[in-house]
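Colleague:
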Amino acid sequence: MSRALDDAALDQLFRTARSYNGYRDEPVGEDTLRAIWDLMKMGPTSANQLPARIVWCVSDEAKAKVAEACSAANKPKILGAPVTAIIAMDVDFHEYLPELFPHTDAKSWFDGNRELREASAFRNSSLQGGYFIMAARALGLDTGPMSGFDAGAVDKAFFADTPSVRTNFISTLGYGDPASIFDRSPRPAFEKFNRIA
């Protein structure tokens, strides 16, 4: 049976964790990127679809390509981060279901229904993006997930040879610089946005 995490772990994952705009000058190695994936892939997706496809931009050239597709405010964040991750989704994820969900013919649920695949790929890759953030935090890193970019331009730069793969969102990754963040925005009480039916 699982046990509740202690306060220090809850703080690291949620209560004191922040989205960062800048990072310390400290590299993030490939072994750490692989460790993030090895954690995030364990999070649940519908029928184990795992539609997320990630490009880990670590070279100056790759980060410059991403920055070129971003708003003026986001460009320096991307160029200054040790890593920028493109969290994308594969609309043809169902081709892998015989391997990933082998106990039934789940592929047939999606064959010939692109609209269903697109909705499912977006929903489940978004879940995986959340797992990416939590895995990074669990390993002592920080993230800066963002919109404010031209998804079509990112797709053209990174997924031109795989048209079934499209960008969901992007996120910087590294060891956060506390000077780059402002005071936390309000978080409402349960009663404001919840009800028990």
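Be aware that the sequence shown starts at 1, since it is given in UniProt numbering, and climbs by one per residue.
Don't be surprised by glycine CBs; every beta carbon is placed ideally from N, CA and C.
Keeping to the same chain, check which residues put their C-beta closer than 7 angstroms to that of Asp150; ignore five residues upstream and five downstream.
Modeller: By 1-based counting over the sequence shown, the position of residue 150 is 150. Only Ala69 meet the Cβ criterion.
Colleague: Please report how far the alpha carbon of Asp11 lies from the alpha carbon of Ser185, in whole angstroms.
Modeller: Stepping through the sequence shown from its first residue, residue 11 is reached at position 11. Stepping through the sequence shown from its first residue, residue 185 is reached at position 185. In a straight line, the C-alpha of Asp11 is about 16 angstroms away from that of Ser185.
Colleague: Under 8 angstroms by Cβ, that's how I've got Ala85 and Trp56 pegged, so tell me the actual separation to the nearest angstrom.
Modeller: As a position in the sequence shown, residue 85 is number 85, starting the count at 1. As a position in the sequence shown, residue 56 is number 56, starting the count at 1. Between Trp56 and Ala85 the Cβ distance is about 6 angstroms, and since that is below 8 angstroms, they are a contact.
Colleague: Which same chain residues end up closer than 6 angstroms to Val58 when comparing Cβ atoms and leaving out the 5 residues on each side of it in sequence?
Modeller: Residue 58 sits at position 58 when you count from the first residue of the sequence shown. Result list for Val58: Val83, in chain order.
Colleague: For Gly43 versus Tyr131, is the C-beta spacing smaller than 7 angstroms?
Modeller: Mapped onto the sequence shown, residue 43 falls at position 43. Mapped onto the sequence shown, residue 131 falls at position 131. Yes, they are a contact pair.
Colleague: By the DSSP assignment, the beta strand (DSSP E) with Pro145 in it spans what residues?
Modeller: Within the sequence shown, the letter at position 145 stands for residue 145. Looking at the DSSP string, the run of the beta strand (DSSP E) that includes Pro145 is 142 to 146.
Colleague: Using CA atoms only, rank isn't needed, just tell me which of Phe190, Glu191, Met146, Ala4 is closest to Pro76.
Modeller: Translated into positions along the sequence shown, residue 76 becomes position 76. Cα-wise, what sits closest to Pro76 is Met146.
Colleague: Who does Asp90 pair with in a DSSP beta bridge?
Modeller: On the sequence shown, residue 90 is found 90 positions in, with the first residue counted as 1. DSSP lists Val165 as partners of Asp90.
Colleague: Under the rule that 16 or more other beta-carbon atoms within 10 Å means buried, what is His103, buried or exposed?
Modeller: Counting from 1 along the sequence shown, the entry for residue 103 is found at position 103. It is exposed - the Cβ of His103 has fewer than 16 other Cβ atoms within 10 Å.
Colleague: Roughly how many whole angstroms lie between the Cα atoms of Arg123 and Asp60?
Modeller: The residue labelled residue 123 in the question sits at position 123 within the sequence shown. The residue labelled residue 60 in the question sits at position 60 within the sequence shown. Going from the Cα of Arg123 to the Cα of Asp60 covers about 31 angstroms.
Colleague: How about the stretch 45 to 54 and the stretch 14 to 23: do they share at least three Cβ pairs that are nearer than 8 angstroms?
Modeller: no
Colleague: Have a look at Phe169, Arg195, Pro178, Leu97 and flag the residue whose alpha-carbon is nearest the alpha-carbon of Arg117.
Modeller: On the sequence shown, residue 117 is found 117 positions in, with the first residue counted as 1. Of the candidates Phe169, Arg195, Pro178, Leu97, the one whose C-alpha sits nearest the C-alpha of Arg117 is Leu97.
Colleague: Beta strand (DSSP E) containing Ile78: first to last residue?
Modeller: Counted from its first residue, the sequence shown places residue 78 at position 78. Here Ile78 belongs to no beta strand (DSSP E); instead the alpha helix (DSSP H) covers 75 to 80.
Colleague: Check Val83 in the structure and name its three-state DSSP category.
Modeller: The residue given as residue 83 occupies position 83 in the sequence shown. It is a strand residue.
Colleague: Could you spell out the range, first to last residue, of the beta strand (DSSP E) harbouring Ile133?
Modeller: Within the sequence shown, residue 133 is the residue found at index 133, counting from 1. Ile133 -> not in any beta strand (DSSP E); alpha helix (DSSP H) instead, spanning 114 to 138.
Colleague: Give me the Cβ distance between Leu141 and Tyr175, rounded to the nearest whole Å; I'm assuming they're in contact under 8 angstroms.
Modeller: Residue numbering aside, residue 141 sits at position 141 when the sequence shown is read from its first letter. Residue numbering aside, residue 175 sits at position 175 when the sequence shown is read from its first letter. Rounded to whole angstroms, the Cβ separation of Leu141 and Tyr175 is 6 angstroms, and the two are in contact under 8 angstroms.
Colleague: Is Arg34 helix, strand or coil when you go by DSSP?
Modeller: For the purposes of this step, residue 34 is taken as the residue at position 34 of the sequence shown. Three-state DSSP puts Arg34 in a helix.
Colleague: DSSP has Phe149 in a bridge; who is on the other side?
Modeller: Reading the sequence shown from its first residue, position 149 is the one you call residue 149. Beta-bridge analysis with DSSP links Phe149 to Cys70.
Colleague: By DSSP, does Arg18 sit in helix, in strand, or in coil?
Modeller: Here residue 18 is taken as the residue at index 18 of the sequence shown, counted from 1. If DSSP states are grouped into helix, strand and coil, Arg18 belongs with coil.
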